[in-house]
Amino acid sequence: DLIAEELGLDRDARSNVQAEYGKFSTNMHGVFAAGDMRRGQSLVVWAINEGRAVARECDEFLMGETSLP
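For my numbering, count along the sequence shown from 1 and bump the result up by 32.
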């Protein structure tokens with residue numbers, strides 16, 4: 033919470049970090065949010081799924097493309 037607050041990341045009504053659906057990008061360029069930080073506490077399978085998806089988005093952001101599944 034403190035880091036998100038210090039960075040000035042936008043929050044939703046439940047105080048989770050707002051991130052573009054399916055892209056996981058926040059209002060700060062180059063900062064991504066997924067899992068509990070984005071959706072709040074939920075099932076671990078959602079966190080794992082979002083972790084994989086955000087890894088692809090980060091890879092594409094940094095490299096211009098991704099070969100991650």
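Even glycine gets a Cβ: it sits at the ideal position worked out from N, Cα and C.
Exercise for review: Sort out for me which residues DSSP pairs residue 57 with in a bridge.
Suggested key: Numbered from its first residue, the sequence shown carries residue 57 at position 25. Beta-bridge pairing links residue 57 to 64.
Practice item. With DSSP collapsed to three states, give me the class of residue 43. Key: For the purposes of this step, residue 43 is taken as residue 11 along the sequence shown, with counting starting at 1. DSSP places residue 43 in strand when its eight states are reduced to three.
Exercise for review: State the beta-bridge partners of residue 49 as determined by DSSP.
Suggested key: Taking the first residue of the sequence shown as position 1, residue 49 is located at position 17. According to DSSP, residue 49 bridges with 43.
Check your understanding: What's the call for residue 70, buried or exposed, on a 16-neighbour Cβ count within 10 Å?
Key -> On the sequence shown, position 38 is the one that residue 70 refers to. With 16 or more Cβ atoms within 10 Å of its Cβ, residue 70 is classed as buried.
Point to revise | Rounded C-alpha distance that separates residue 86 from residue 61 | key: Sequence index remark: in the sequence shown, residue 86 carries index 54 (1-based). Sequence index remark: in the sequence shown, residue 61 carries index 29 (1-based). In this structure, the alpha-carbon of residue 86 lies about 14 Å from that of residue 61.
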